[in-house]
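Per the working numbering, residue 7 is the first one in the sequence shown, and the count goes up by one each step.
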Amino acid sequence: MSIHRYVESVLSNKYLKFVDTAQAVSANSHLQIYSCKYSKRKYTQHQLLILVLLKEYLNED
């Protein structure tokens, strides 16, 4: 295995572990599934929270 592929696999595992942890935290939270009864229901509040946390973790704007 090349160094480049090894680094990619380690980084992807790091991000997957973070997302798994964020999912466990959001599952134990008291968030409503959707923000209101008229929402489009494309994403749950839990999924949106995980995306925001991942964005902060990656230091993206």
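In this text, a Cβ means the ideal position worked out from N, Cα and C, and glycines have one as well. Predicted model, so just to flag it, every value in this text is computed and none were measured.
Practice item. Specify, as a first and last residue, the run of the alpha helix (DSSP H) that Lys61 falls within. Key: As a working mapping, residue 61 is identified with position 55 in the sequence shown. First-last of the alpha helix (DSSP H) with Lys61: Gln51 to Tyr63.
Check your understanding: For Gln51, which residues of its own chain have a beta-carbon under 7 Å away from its beta-carbon, when the five flanking residues on both sides are left out?
Key -> If you number the sequence shown from 1, residue 51 lands on position 45. Here the set comprises Leu37, Gln38, Ile39, Tyr40 and Ser41.
Check your understanding: Would Glu66 count as contacting chain D if we go by Cβ distances under 9 Å?
Key -> Of the protein chains in the structure, only one exists, and it is not chain D.
Check your understanding: Closest by CA to Leu57, which one among Ser45, Tyr21 and Tyr44?
Key -> Here the question's residue 57 lines up with position 51 in the sequence shown. For Leu57, the nearest C-alpha among the options comes from Tyr21.
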